[in-house]
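Engineer: First the structure, which I've put down as structure tokens, then a few questions once you've had a look.
Number of protein chains: 4
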Amino acid sequence: MEKETARMEAFSDGVFAIAITLLVLDVHVPEQVISKAALLTELRGSWPYYLAFLLSFSSIYIMWVNHHKLFKQIYKRNSAITFLNGFLLLLATSVSYPTALLARYYDSPAQALVVQLYTGLFVLITLTYTLLWTLASKHQDLLRPDLTPEAITQIKHTYRWGVAGHSLAFVTAFVAPPLALLLSAALWTYWAFTSGRLELTHPKV
Amino acid sequence: MEKETARMEAFSDGVFAIAITLLVLDVHVPEQVISKAALLTELRGSWPYYLAFLLSFSSIYIMWVNHHKLFKQIYKRNSAITFLNGFLLLLATSVSYPTALLARYYDSPAQALVVQLYTGLFVLITLTYTLLWTLASKHQDLLRPDLTPEAITQIKHTYRWGVAGHSLAFVTAFVAPPLALLLSAALWTYWAFTSGRLELTHPKV
Amino acid sequence: MEKETARMEAFSDGVFAIAITLLVLDVHVPEQVISKAALLTELRGSWPYYLAFLLSFSSIYIMWVNHHKLFKQIYKRNSAITFLNGFLLLLATSVSYPTALLARYYDSPAQALVVQLYTGLFVLITLTYTLLWTLASKHQDLLRPDLTPEAITQIKHTYRWGVAGHSLAFVTAFVAPPLALLLSAALWTYWAFTSGRLELTHPKV
Amino acid sequence: MEKETARMEAFSDGVFAIAITLLVLDVHVPEQVISKAALLTELRGSWPYYLAFLLSFSSIYIMWVNHHKLFKQIYKRNSAITFLNGFLLLLATSVSYPTALLARYYDSPAQALVVQLYTGLFVLITLTYTLLWTLASKHQDLLRPDLTPEAITQIKHTYRWGVAGHSLAFVTAFVAPPLALLLSAALWTYWAFTSGRLELTHPKV
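Protein chains in written order, with my numbering: chain A, 15 to 219; chain B, 15 to 219; chain C, 15 to 219; chain D, 15 to 219.
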């Protein structure tokens, strides 16, 4: 059976690859510094930029790994899948914006606000993954022929835990922003592992 | 029958993927803000940037979907197709420029001007799609072997309505700029649906 | 016979696609304009940016078309081809730099200098294409099995005319910069047509 | 035997292609220059930008060549390979940051510092390649079926020499920064040649 979604995956891969690479453009290069000590101080003060870069790079990479795994199960597409995938790419592309805000304002009175925006975006992203899978799995004929109902349910559960976790990080951002970021990092790590687990459960194509 | 246009499609996909992702670079990140309230005000005032990003992202995504569907019907290329495709990519790449102007000057006395430029570009884009299809469909041997004359005509009609609609949006921009943008958004949605319809009419490759 | 250069082509396509799309980032967006008339004046004054964008976009697109056609004839690679191809990609990527200089300083006393740099880069590019083909065609076993000696010579001639033409444009830049740019545009058009001719002479793979 | 790592390679190629092309954005375009002589002076003074661009472009290109050759030997992936590859892409993407610092501060009292950061990144990169190969080669079933133990060891030795060489460049940066850069350039050239040697030793896939 031919995979109809091949060109959509290739296009999505392109967008993920560019979105992940553009993140480095937001890392602050100090200007007009006149001594070695001053440059060192500037670089040390840029740590929120490095942290934001690292966190967002990891997030988009794991989003890509998951996208890859999700579309391994989807063989045909309909209009809803095409446009939800477009929305997912819009969100992946957008990551650089709250990342830039986070890097610039983490060390400021607006810390809570930028962490809320940052974690809020990931709530939206996990919701979109869930919706994409919910819509795709409604139509058995869109899926990989040998996918069992148990596997479909397992994927759904994994995404629901993702939504719950990122929502918790979002709520935490209102009371303890640094903790919210830590939680966000932990969640991507968790997602990385559970998506590994998913793959082991089913035979590979 | 081998598809001679495969590498041209892959290259075009690359250009579309980059053009769509670069749009986020134009979204304004507020600088030198000292309080949370000030940042919030700045972000709220940035809504034309978010709107322009959303509109242009959707436009390029639907352009890509259409490009994909168009080249599903074209199996061979000649010099005219190669260079019209190049012109189409030039226009797709250019979208970010009037988008940046729109975002920066929507909330200014130059509103009408930037909406005219923005909608005008889409007139050019739909005209180029129409021309590309007109030239390709003149030579039956360039097309997918099983494509019926009815299908060829249907695609032509779809593009003509696209040109008509975007021209209307362009004219509207001279009298009611916000309405012109609304019309533009509606047209992309329309195109999204009609291209879906086209696909259902013909068997897929 | 398998084509060993496939992944090199895919990577090169990626670099060409990105280089061509990044050009738009150099197109000047006017800042801090307060009236419609002022914005219109600014946009009209930005014509060297539009011209430079158009010229460089066309150049890179035709470079890509030629790269595609050249590598259709090359089936195996050696270290020399790998690194000359890398140098070609470096030059393709570099196009945006003299383009930015051209756009910014065409309307200034430094006009001749920036046109010299711009046309000079294309001398280097056509020289590199010639060298790449010279080295590849020395080893018959690297080439497409059915390529005739006449075809090999014809490609060599095409590239030599390219070098001669772009060298003429470069020399012209010292006496009549606008004429040099016109010549450069004419040459890309010429190359576009001759590369079309090459393809007609040989059966396609 | 199917190659499971195909989509990972395609994604990595995309990231390398973008990272290598973005480097040109950091090359300094002089602003507000009023005469030809002044522009010429500015361009001549920009030599550290050109040098940094050339060095980083070459580095990423050779990194890509090596990545290509490494993944020719790896047929299956596990979580460790997926995430080490992600870390490698993060480092490849990061190259533009120390490159920008190097270009801006090479001609300043902070010269030693920026050369240390630049060469330090390449120590990390070669270490990651070594670790990736060490982990992959532990599991014979992840590798190309016909790979001999001698070949596995030879690749390991090549990477170890890479780590040793870049560490030497890093240490040199503390006493003689220009020499460290020269050493770094020499090492990439060396790696280019040894990776060529590796390929000659084994039959190609």
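Every residue gets a Cβ at the ideal spot worked out from N, C-alpha and C, and that includes glycine.
1) Using a threshold of 8 Å, state whether the C-beta atoms of Lys-90/B and Glu-18/B are closer than that.
2) Alpha carbons only, please: which of Thr-172/C, Tyr-204/C, Ala-187/C is nearest the one belonging to Tyr-120/C?
3) CB-CB under 7 Å to Ala-106/A, same chain, minus the five flanking residues each way: which ones, in chain order?
4) Suppose contacts are defined by Cβ-Cβ distances below 8 Å. Is Ser-110/C in contact with Leu-182/C by that definition?
5) Give the list of continuous alpha helix (DSSP H) stretches no shorter than 4 residues that lie fully inside the region 22-61 of chain D.
6) Within this structure, are the beta carbons of Ser-108/A and Pro-123/D separated by less than 8 Å?
7) By how many angstroms is the C-alpha of Lys-83/A removed from the C-alpha of Ser-151/A?
8) Going by CA-CA distance only, name the one from Glu-23/B, Ala-24/B, Ser-60/B, Arg-21/B that's closest to Asp-40/B.
9) Starting from the beta carbon of Thr-140/C, find every residue of chain B whose beta carbon is closer than 9 Å, and list them in chain order.
10) What does the alpha-carbon distance come out to for the pair Phe-85/B and Glu-23/B?
11) Run through the DSSP bridge pairs and tell me what Leu-157/A is partnered with.
12) Within 10 Å of its beta-carbon, does Ala-20/A have 16 or more other beta-carbons around it, so buried, or fewer, so exposed?
13) How long is the line joining the alpha carbons of Gln-46/A and Phe-136/D, rounded to whole angstroms?
14) Does any residue of chain C have a CB that is nearer than 8 Å to the CB of Trp-202/B?
15) One question on the structure: do Ala-117/A and Ala-66/A come within less than 8 Å of each other, judged by their Cβ atoms?
16) From Pro-44/B to Val-128/A, what distance separates their C-alpha atoms?
17) Spell out whether any CB of chain B is found under 8 Å from the CB atom of Arg-158/A.
18) Given a threshold of 16 other Cβ atoms within 10 Å of its Cβ, counted over all protein chains shown, does Asp-8/A qualify as buried or as exposed?
19) Classify Thr-172/A as helix, strand or coil using the three-state DSSP reduction.
20) My output table needs one value for Ala-20/D: the three-state DSSP class, helix, strand or coil.
21) Looking at the C-beta of Trp-189/C, does it have a partner C-beta in chain D at a distance below 8 Å?
22) Assuming Thr-144/A is part of the alpha helix (DSSP H), what are its boundary residues?
23) Counting only the same chain and skipping the five closest in sequence on each side, list residues whose C-beta sits under 7 Å from that of Leu-197/A.
24) Is Ser-26/D near the ligand ATP - that is, is its Cβ less than 7 Å away from at least one heavy atom of it?
25) Would you identify the three-state DSSP class for Ser-7/B, choosing helix, strand or coil?
26) Give the residues from the region 83-99 of chain B that approach chain C closer than 8 Å (Cβ to any Cβ), ordered along the chain.
27) Compare the C-beta of Glu-29/C against all C-beta atoms of chain D and say whether one is closer than 8 Å.
28) Are there 16 or more other CB atoms within 10 angstroms of the CB of Asn-92/B, so buried, or fewer, so exposed?
29) What does Ser-49/D reach in chain C if we use C-beta pairs closer than 9 Å?
30) Quick one: is Thr-107/D near chain A, going by C-beta distance under 8 Å?
31) Name the residues in the region 53-85 of chain D whose C-beta lies less than 7 Å from a C-beta of chain A; which are they?
32) CA-CA distance, Lys-218/B and Asp-160/B?
33) What would DSSP say about Tyr-64/C, mapped onto helix, strand or coil?
34) Out of Leu-53/B, Asn-80/B, Ala-94/B, Pro-62/B, which has the shortest C-alpha to C-alpha gap to Thr-203/B?
35) Given that Ile-32/D touches chain C, what residues does it touch there, using C-beta distances under 7 Å?
36) In angstroms, rounded to a whole number, what distance separates the CA positions of Met-15/C and Leu-156/C?
Structural biologist: In short:
1) yes
2) Ala-187/C
3) Val-29, Phe-30, Ala-33, Ile-74, Met-77
4) Not a contact, by the Cβ cut-off of 8 Å.
5) 50-59
6) no
7) Distance between the alpha carbons of Ser-151/A and Lys-83/A: 14 Å.
8) Ser-60/B
9) Going along chain B, no residue has its Cβ under 9 Å from Thr-140/C, so there is no contact; the nearest lies around 19 Å.
10) 7 Å
11) Ile-88/A
12) exposed
13) The straight-line gap from Cα to Cα measures roughly 26 Å.
14) no
15) yes
16) 12 Å
17) At a cut-off of 8 Å, the C-beta of Arg-158/A has no neighbouring C-beta in chain B.
18) No answer is possible for residue 8/A: the residues shown for chain A start at 15 and end at 219.
19) helix
20) Ala-20/D falls in the helix class under three-state DSSP.
21) In the sequence on display, residue 189/C carries Val and not Trp. At a cut-off of 8 Å between beta-carbon atoms, Val-189/C makes no contact with chain D.
22) 125-152
23) Leu-182, Ala-183, Thr-186
24) The ligand content of the structure shown is nil, which means the ligand ATP is not present either.
25) This structure cannot speak to residue 7/B, because chain B is shown only from 15 to 219.
26) Of all residues in the region 83-99 of chain B, Ser-93, Thr-96, Phe-97 have a Cβ within less than 8 Å of some Cβ in chain C.
27) Per the sequence presented here, residue 29/C reads as Val, with Glu not at that position. Yes, contact with chain D.
28) exposed
29) Ser-122, Pro-123, Ala-124
30) yes
31) Flagged: no residues at all.
32) Confidence in Lys-218/B is poor, its pLDDT being 43 and thus under 50, which makes the residue's placement unreliable; the coordinate value appears in the next sentence. The straight-line gap separating the alpha-carbon atoms of Lys-218/B and Asp-160/B is approximately 10 Å.
33) helix
34) Asn-80/B
35) Ile-32
36) Residue placement at Met-15/C is flagged as unreliable, the pLDDT there being 46, under the threshold of 50; a coordinate-derived value is accordingly withheld.
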